[in-house]
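A.B. asks: Questions regarding the structure given below will be posed in turn.
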Amino acid sequence: MRFRPCIDIHDGKVKQIVGETLDDHKEVIENFVSTYSPSYYANLFKKNNLTGGHVIMLGKGNVDAALEALEAYPGGLHIGGGINADNALLFLNNGASHVIITSYIFPNGRFSLENLKHIVSLVGKEKLVIDLSCKEKNGKWLVAINKWKTTTDFELNSSNLKLLQSYCDELLIHAVDVEGKQSGFSEELVTHIAKNALIPITYAGGIRSIEDLENFYRISQGKIDFTIGSALDIFGGKLKFNDVLNFVAR
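Shown next, in the form of structure tokens:
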């Protein structure tokens, strides 16, 4: 189990927000707005040898800020948020180790194996991460796209997870219902992911304490990596960044 750090960028600034409020027609609920630059956090993660973290561009106008983070830590970060076949190589050529895709493979809310195969042909399976941000509905985990406003009919069942893992290097799975709320992680989703993990998978959403991490490790049997945002002290929360580092080093 590894700690995968994150740098979420909104309006060109490093922020932590409640993901479900990321809507063009609603006021975004901000948990934290940093006075530090993206490169500050990239250098912090580099200093602590944390690899495979992700930079997420939340909306338009964040490319320059994202490139700043990639430049500070070349080869150490993944990049996501509006990635498609037209811009993926730009970020890989500017320091990203992987590109993260979601909406591109769900045009009009429907899964497109053709789009997936196309971007794999461009960047290579070993450079691709698929973000399966999902919401729970009627006992099923359904992929959410378009700033999490659109819930697709694509279920994170065993067969679909097996299929997607054959086309990418890693999966990143956000539990949208608890993302940014510091209300605890989704034990049901983590259990389901761990049973179906064939490649590295990072879970995001709700982890808020060392106790949560202990429970996460037990439920996932150490098979799943994790990220923490709003709960960390470096993002205005109470959970100390160094305590998380010490936990994974045990």
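Residue numbers (my numbering): 1023 to 1272. We treat Cβ as the ideally placed atom computed from N, Cα and C, and that holds for glycine.
Tell me the rounded alpha-carbon separation between G1083 and F1238.
C.D. replies: In the sequence shown, the residue the question calls residue 1083 occupies position 61. In the sequence shown, the residue the question calls residue 1238 occupies position 216. Cα-Cα distance, rounded: 35 Å.
A.B. asks: Within 10 Å of its beta-carbon, does P1129 have 16 or more other beta-carbons around it, so buried, or fewer, so exposed?
C.D. replies: Along the sequence shown, read from residue 1 onward, the residue named residue 1129 stands at position 107. P1129 comes out exposed.
A.B. asks: Tell whether a beta-carbon distance below 8 Å holds between I1223 and I1195.
C.D. replies: Numbered from 1 along the sequence shown, position 201 holds the residue referred to as residue 1223. Numbered from 1 along the sequence shown, position 173 holds the residue referred to as residue 1195. Closer than 8 Å, so yes.
A.B. asks: Under DSSP, the beta strand (DSSP E) around A1166 begins and ends at which residues?
C.D. replies: Here residue 1166 is taken as the residue at index 144 of the sequence shown, counted from 1. Element bounds for A1166: 1162–1167.
A.B. asks: So, for L1072: in the same chain, excluding its five sequence neighbours on each side, which residues have a beta-carbon less than 7 Å away from its beta-carbon?
C.D. replies: For the purposes of this step, residue 1072 is taken as residue 50 along the sequence shown, with counting starting at 1. So the list reads F1025, P1027, once near-sequence residues are dropped.
A.B. asks: Using 8 Å as the threshold, is the region 1055–1074 in touch with the region 1084–1095, meaning 3 or more CB pairs across them?
C.D. replies: Short answer: they touch.
A.B. asks: Among residues of its own chain, excluding the 5 on either side of K1217, which ones have a beta-carbon nearer than 8 Å to its beta-carbon?
C.D. replies: Against the sequence shown, residue 1217 aligns to sequence position 195. Closer than 8 Å at the Cβ level, and outside the excluded window around K1217, lie S1180.
A.B. asks: Report the option in N1115, F1113, A1271, A1107 whose CA atom is closest to the CA atom of L1138.
C.D. replies: As a first step, residue 1138 is located in the sequence shown; it is residue number 116 there, counting from the start. Per the Cα distances, A1107.
A.B. asks: Distance, Cα to Cα, I1039 vs Y1126?
C.D. replies: Locating residue 1039 in the sequence shown gives position 17, counting from the first residue. Locating residue 1126 in the sequence shown gives position 104, counting from the first residue. Distance between the alpha carbons of I1039 and Y1126: 23 Å.
A.B. asks: What are the start and end residues of the beta strand (DSSP E) that includes Y1225?
C.D. replies: Here the question's residue 1225 lines up with position 203 in the sequence shown. Per DSSP, Y1225 belongs to the beta strand (DSSP E) from 1223–1226.
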